[in-house]
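What follows is one structure encoded as C-alpha cells, with my remarks underneath.
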Amino acid sequence: MALTKVVWELAKRPEYIEPLRAEMHDVFGPEVGTGAICMNKEALSRLQKLDSFIREVQRWCPSTFVTPSRRVMKSMKLSNGIKLSKGTSIAVPAHAIHMSEETPIFSPDFSSGFMNPAPLIFDGFRYSNLRSIKGQKSHHQAATTGPDYLVFNHGKHACPGRFFAICEIKMILVELLAKYDFRLEDGKPGPELMRVGTETRLDTKACLEIRRR
1 MALTKVVWEL AKRPEYIEPL RAEMHDVFGP EVGTGAICMN KEALSRLQKL DSFIREVQRW
61 CPSTFVTPSR RVMKSMKLSN GIKLSKGTSI AVPAHAIHMS EETPIFSPDF SSGFMNPAPL
121 IFDGFRYSNL RSIKGQKSHH QAATTGPDYL VFNHGKHACP GRFFAICEIK MILVELLAKY
181 DFRLEDGKPG PELMRVGTET RLDTKACLEI RRR
C-alpha cells in the first residue's frame, strides 16, 4: 500500500516528477531504466529527493492513525497520575503528531536557516531540505524513526524490515519513473483516503492513465 500511495501522490502532484527523474539521472546516469544499472543500497541512498517524497507521503497518507497499539497486561499508574487498568488497549496518536505544529520538527523555530513548511502543507522535498541543514544529513530519512515520525514505530519495537522495504519501493519507483508517464484519469482529483476504524484504505476503483515513454 505504501508504494501505491506514493504513485498516486506523484500523479496528483506531477510537478515533482521531473526533479525526481533528474536526480535519478544524476545518480545512475543515462542508462537508468535500461536494466543495465546496478541499484545497490549505496546508490539508492543518494536518491535523497525520492527518499524525502516517500517519507512525506507516509506522513501525509498513513496506513494507520495510531501506532503502536498495545494491551495493558497489569494495572498501573503513570507518573502523571493517569491510571491504566489491566486489559486496556492503548496507542500513540501518530498521525496527530505528524500533523501538529507542536511537534518540534514542524515548529517555526526548528531551524533559523531553513523555513520548514507547516505540517498541514504537503512538501515532497521537506526532508531532503531538512537534511541540508548542518548536522542533519543522516537524519530525516524514509526509514529513520523518531518521536516525530512513527510510521515504523520507534525504539526497540521499530519495524526491522523498514530498510529493505524502502529500498524495494525506491527500486520500483526508479523503474516506473524512467520508463513510464502516468497521470490521473480524465483529470479526476484522484482517490482520497477512506478511514476504516483506525486504519486507512484507498478507493480500489480509482484508475491511472499510464503510457510507455
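Under the numbering used here, the sequence shown has 164 at position 164, and the numbering climbs by one with no breaks.
All residues carry an ideal CB built from backbone N, CA and C; glycine is no exception.
Between the C-alpha atoms of residue i and residue j, what's the straight-line distance to the nearest angstrom?
i	j	result
His157	Arg213	42 angstroms
Thr204	Ile166	23 angstroms
Met125	Lys5	Reading off the sequence, residue 125 comes out as Phe, not Met. Looking at the two C-alpha atoms, the distance is approximately 16 angstroms.
Thr145	Arg55	11 angstroms
Trp60	His98	8 angstroms
Ser128	Lys74	43 angstroms
Trp24	Lys137	Sequence check: residue 24 is Met here, not Trp. So the two alpha carbons sit approximately 19 angstroms from each other.
Ala94	Ser100	10 angstroms
Phe163	Gln58	14 angstroms
Lys77	Gly87	14 angstroms
In the DSSP assignment, find the unbroken alpha helix (DSSP H) run with residue i in it and report its ends.
i	result
Asp186	From DSSP, Asp186 is part of no alpha helix (DSSP H); its letter is neither H nor E.
Ser52	Gln48 to Trp60
Ser45	Lys41 to Ser45
Ile133	Unbroken run through Ile133: none, as it is neither H nor E.
Ile97	Ala94 to His98
Val6	Ala2 to Lys12
Closer than 8 angstroms to a non-hydrogen atom of the ligand FAD - does that hold for the CB of residue i?
i	result
Phe122	This structure does not include the ligand FAD; it has no bound ligands of any sort.
Can you tell which of the options has its C-alpha closest to the C-alpha of residue i?
i	options	result
Tyr180	Leu10, Ala2, Met1 and Lys5	Leu10
Pro19	Val174, Met39 and Ser89	Val174
Arg70	Leu78, Leu84, Gln58 and Ser89	Ser89
Val66	Arg211, Asp26 and Val196	Val196
Leu47	Arg131, Asn153 and Met194	Arg131
Ala91	Leu202, Tyr16, Thr198 and Glu209	Thr198
Ala178	Trp8, Ala206, Ile37 and Met1	Ile37
What did DSSP end up calling residue i once you bin it into helix, strand or coil?
i	result
Leu177	helix
Glu31	coil
Met76	strand
Ser69	strand
Ala91	strand
Gly146	strand
In the DSSP assignment, what residue or residues form a beta bridge with residue i?
i	result
Lys86	Answer by DSSP bridge pairing: none, since Lys86 is not bridged.
Leu208	Leu184
Thr103	In DSSP, Thr103 forms no bridge with anything.
State the start and end residues of the unbroken beta strand (DSSP E) segment that holds residue i.
i	result
Val196	Met194 to Val196
Thr200	Glu199 to Arg201
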